[in-house]
Structures are given as structure tokens and as C-alpha cells.
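See structure below.
Numbering (the working numbering), first residue to last: -12 to 280.
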């Protein structure tokens, strides 16, 4: 299809060559004509190039208006009430919003803090978005945030465990590794047992208990979320059970955190028999410090 164009171009060059030869004989006026002709022929290409660059800039501008510029204003606005409400009612928009959270560096723990501060914090739909974001991060980015790659066989290295027992920050990093490699509480219990865990030994057993707490806070079981909806969360029977059942205590603590301020929890516990020695209040306060400081 380009052959006729090539032939035309060759013909044009031949004509121009002839014109140039005649121009040399004809004199300065003809030179001026040739110069004018060359200038006229060149200008359309420059105009097209300029228009092309302008169009490219314009299209890039369009791309930035709808998404990039909006998000650059402030990452915090990605969690404003209007966006969360829309995401709760529109699953496709929820997915778009999750991608923006990730692009702005909000890991699952950052997202949790901001969602808990929302006016919709107690809405089941918002909690569903939180759980979906956690699953989405794990699926598409394979590792939980803040975790350096590590082999599965090395997750229970004694040297690592000793550091985790003494260093709270490293302990949380190790917990993320366990969760990333799908070690739930039962699997961790078996691994630590094989390494000599004993009840109440304040080392490996303490590490296991802390992992159960961490899981319940950051990946709450449906039963925990159900408990949070109970109308009465300070019944004596609940508090007595929390004194002896670690898992239940963590679920109850999370329910309190989702519904009450620390001052309100303290006020309610002061009038209970089960907390006469302040054991439960101390446990709750330490739980808050360890998980939400």
C-alpha cells in the first residue's frame, strides 16, 4: 500500500532537483521562491508535532483529574465517611478504594485504626470491607506488611524465638510471618510444644498466648464479632469466664474496645464482683498497650 506514496515521493524529489537546477540559472528571485516553498513544506510537520505534544499533555491531564490528583490531596481523605459509605454499598468501588489504600501505603493495621475511627465503625458492612482488604492484601501481595521474606522451616528457629520473647517489635514481626505462612494458633501451639513449651512457663507459653491475642485482634473470629454486638458486656458470668479462659478474655476485650472508651470500661468494672481485685482491668489495660499503642 505504501508503493504509490514512495513513487510520488521519488517523483517529487526529481521535480525539486530539476527546479533547484533551474533556480541556479534563473537567479535570486527563484531562490527566494524555493526557500519560501521549503519553509511552507516544513511548517505543517512542526504544527503536527506541536499538536501531538499538546494532545498528549491534555490526555495525561485527564488521567490525573479523576484519580491521581484527588488522592494526592491527602491520603487521610481516602477514609472519609462519604467514601466508606459508598464502598459499603458498592463492591466495585470498594475494590477501587482498596487499591488506593494500598497505593498510599496503608497496610492492614493502618486501615484498621482509621476504620475504627469512622462513624460506621460498628457497621457489619464496614467490618466486611476490613476483612476483604486483609484477604486482598494477602492474596495479591503474598506477604503481610512489615515482614521480610523468610523460609517456612526457619519460622520457629530458637534464636528467633528468644529475640521475640524479649523484643515486642520483633515479636509482632514474627507473628506476621507465622500468619503469612498460614500458621494458625493450633499449628503454633504444636510447634512450640515440640520445642518444650510448658504451661505458664512465661517464655514459650507466653509467646503462644500473645499470638492468640494478636490473631484475635487483627483477624477476629466471627464469634468475636458476634460477641461485640451483645447488649450487656459486663455480666458477672462473662467476667468470671474471662478470668480463666484466655481466648474468651481476648474476645471480650475486643468487644469492649469496639464499643467503649477506657474510662467507660473502668467505670463498669468497678462495680463488679469478678473484678474486685482489678485483675480484669489490669489485663484489659495491658492488652490495649500491647495492641493499640
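Ideal Cβ positions, reconstructed from N, Cα and C, are used throughout, including at glycine.
Alpha-carbon to alpha-carbon, residue 203 and residue 237: Locating residue 237 in the chain shown gives position 250, counting from the first residue. Locating residue 203 in the chain shown gives position 216, counting from the first residue. Looking at the two C-alpha atoms, the distance is approximately 7 Å.
Same chain, Cβ closer than 8 Å to residue 277, neighbours up to 5 away in sequence not counted: Residue mapping note: residue 277 aligns to position 290 of the chain shown, counting from 1. Apart from the 5 residues on each side of it in sequence, residue 277 sits with its Cβ closer than 8 Å to the Cβ of 155, 197, 200 in its chain, given in chain order.
In chain order, each alpha helix (DSSP H) run of at least 4 residues that lies wholly inside the segment 93 to 127: Listed in chain order, they are 95 to 103.
With 16 other Cβ atoms within 10 Å as the buried cut-off, status of residue 262: By one-based count along the chain shown, residue 262 stands at place 275. By the C-beta density criterion, residue 262 is buried, having at least 16 other C-beta atoms within 10 angstroms.
Beta strand (DSSP E) segments (min. 3 residues) lying fully within the segment 139 to 177: Complete beta strand (DSSP E) runs here, min 3: none at all.
CB of residue 84 within 8 Å of CB of residue 64, strictly: Residue numbering aside, residue 84 sits at position 97 when the chain shown is read from its first letter. Residue numbering aside, residue 64 sits at position 77 when the chain shown is read from its first letter. No, these two residues do not count as a Cβ contact at 8 Å.
Any 3 or more C-beta pairs closer than 8 Å across the segment 214 to 231 and the segment 253 to 268: Counting C-beta pairs with one atom in each stretch, the segment 214 to 231 and the segment 253 to 268 have three or more that are closer than 8 Å, which means they touch.
Identity of the residue in 124, 68, 77, 108 nearest residue 241 by Cα: Position 254 of the chain shown, counted from the first residue, corresponds to residue 241. Selected option, being the one with the closest Cα: 108.
C-alpha distance - residue 73 paired with residue 171, whole-angstrom precision: As a position in the chain shown, residue 73 is number 86, starting the count at 1. As a position in the chain shown, residue 171 is number 184, starting the count at 1. Counting only the Cα atoms, residue 171 lies some 33 Å from residue 73.
Endpoints, alpha helix (DSSP H) assigned at residue 263: Numbered from its first residue, the chain shown carries residue 263 at position 276. Element bounds for residue 263: n/a, residue is neither H nor E.
Nearest-angstrom beta carbon gap, residue 194 and residue 183 [assumed within contact, 8 Å]: On the chain shown, residue 183 is found 196 positions in, with the first residue counted as 1. On the chain shown, residue 194 is found 207 positions in, with the first residue counted as 1. Under the criterion of beta carbons closer than 8 Å, residue 183 and residue 194 do not qualify as touching, at roughly 12 Å.
Residue 100, buried or exposed, once every other Cβ within 10 Å from all chains shown has been counted against 16: Locating residue 100 in the chain shown gives position 113, where the first residue counts as 1. Exposure of residue 100 is indicated by the presence of fewer than 16 other C-beta atoms within 10 angstroms of its C-beta.
Proximal residues to residue 234 (C-beta, below 8 Å), its chain only, five neighbours per side dropped: Within the chain shown, numbered from 1, the residue matching residue 234 stands at position 247. Within the same chain, Cβ atoms closer than 8 Å to the Cβ of residue 234 are found at 199, 203, the five residues on either side in sequence being excluded.
Assigned exposure category for residue 327 - 16 Cβ within 10 Å defines buried: The shown model of the chain, from -12 to 280, leaves out residue 327, and the question about it has no answer.
Host alpha helix (DSSP H) of residue 210 (start-end): Mapped onto the chain shown, residue 210 falls at position 223. 209 to 214 is the extent of the alpha helix (DSSP H) around residue 210.
Collapsed DSSP secondary structure at residue 238 in the structure displayed: One-based indexing of the chain shown puts residue 238 at position 251. In the three-state DSSP reduction, residue 238 falls in the helix class (H, G or I).
Coil, strand or helix - residue 185 by DSSP: Position 198 of the chain shown, counted from the first residue, corresponds to residue 185. Look at residue 185 here: in three-state DSSP terms it is coil, with no helix or strand label.
Chain-order list of residues whose beta-carbon lies under 7 Å from that of residue 228 (same chain, five-residue window excluded): As a first step, residue 228 must be located in the chain shown, where it is residue number 241. Around residue 228: 235.
Straight-line Cα distance separating residue 163 from residue 274: What you label residue 274 is simply residue 287 of the chain shown in a count that begins at 1. What you label residue 163 is simply residue 176 of the chain shown in a count that begins at 1. Residue 274 and residue 163: Cα-Cα distance of roughly 18 Å.
Residue 206 beta carbon less than 8 Å from that of residue 104: Your numbering for residue 104 matches position 117 in the chain shown. Your numbering for residue 206 matches position 219 in the chain shown. In terms of Cβ geometry, residue 104 and residue 206 do not form a close pair [threshold 8 Å].
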